[in-house]
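Have a look at the structure below, then the notes.
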Amino acid sequence: MRHPVVHFEVIGRNPEKLRGYYGTLFGWEFDTSSPVAEEVSEPDNYGFVERVTTSDGTGIPGGVGGGPAYEGHAIFYVGVPDVEAALREAERLGGTRRMGPVRAPSGLVVGHFTDPEGHLVGVAGSA
């Protein structure tokens, strides 16, 4: 089964500045009213990108957040039916679990791993 990319994030030490940067650069608008899991960002310092789509309606949601204690990185999330199973499979194939599974305030379950070359990747699902 193929799994789609379902979300992206840019995390950094100064999320407000990053939102200003990406907002100006790409015309993105942010909704900062929904908290996220503290493992991902300071809960109240995260902005979901108001969904931007192409003329054919495609596009994925994303967010910009973080805080002074968060290492800067960009990450994409792949949709999976079972986050724990996906993390175990990533480990079996030579990756390293970095976070999760963690249930976000929205109910979404997320996890992070690094691939064998150290790239950070996320998985997200309902379980």
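Under UniProt numbering, read the sequence shown as residues 1 to 127, first letter to last.
Even glycine gets a Cβ: it sits at the ideal position worked out from N, Cα and C.
This one's a predicted model, so the numbers in the text were calculated from it and none came from an experiment.
- [ ] Note down the Cα distance separating H73 from G12, rounded to an integer number of angstroms.
- [x] Looking at the two C-alpha atoms, the distance is approximately 7 Å.
Open item on the list: Going by C-alpha to C-alpha distance, which of P68, G20, Y70 and T54 sits closest to F48?
Closed with: Here the closest residue by C-alpha is G20.
- [ ] Quick one: give me the first and last residue of the beta strand (DSSP E) that G20 is part of.
- [x] In the DSSP annotation of this structure, G20 is not part of any beta strand (DSSP E); the continuous alpha helix (DSSP H) holding it starts and ends at P15 to F26.
TODO: State yes or no: is the C-beta of D115 within less than 8 Å of the C-beta of G95?
DONE: Annotated as proximal: D115 and G95, with beta-carbon spacing under 8 Å.
- [ ] Quick one: measure Cβ to Cβ for Y50 and E29, integer angstroms, because I've assumed they're closer than 8 Å.
- [x] Per the sequence presented here, residue 50 reads as Glu, with Tyr not at that position. Right, their Cβ atoms sit about 4 Å apart.
- [ ] Note the first and the last residue of the continuous alpha helix (DSSP H) segment covering V40.
- [x] The continuous stretches of alpha helix (DSSP H) do not include V40, and DSSP gives it neither H nor E.
Task: For E84, three-class secondary structure by DSSP - done: Residue state, collapsed to three classes: helix.
- [ ] Grab the span of the beta strand (DSSP E) containing Y77 for me, first residue to last.
- [x] Y77 -> beta strand (DSSP E) spans H73 to G79.
Open item on the list: Is the beta carbon of V52 closer than 8 Å to that of Y22?
Closed with: The Cβ atoms of Y22 and V52 do not sit closer than 8 Å to each other.
Open item on the list: Looking only at its chain, what residues have a beta carbon closer than 8 Å to the beta carbon of G107, apart from the 5 residues adjacent to it on each side?
Closed with: Here the set comprises S126.
Task: E89 (DSSP reduced to helix, strand or coil) - done: Of the three classes helix, strand and coil, the one that applies to E89 here is helix, per DSSP.
Task: CB of P101 within 8 Å of CB of E84, strictly - done: Cβ atoms of P101 and E84: closer than 8 Å.
- [ ] Using DSSP bridges, identify the partner residues of V10.
- [x] According to DSSP, which records beta bridges pairwise, V10 is partnered with V64 and A74.
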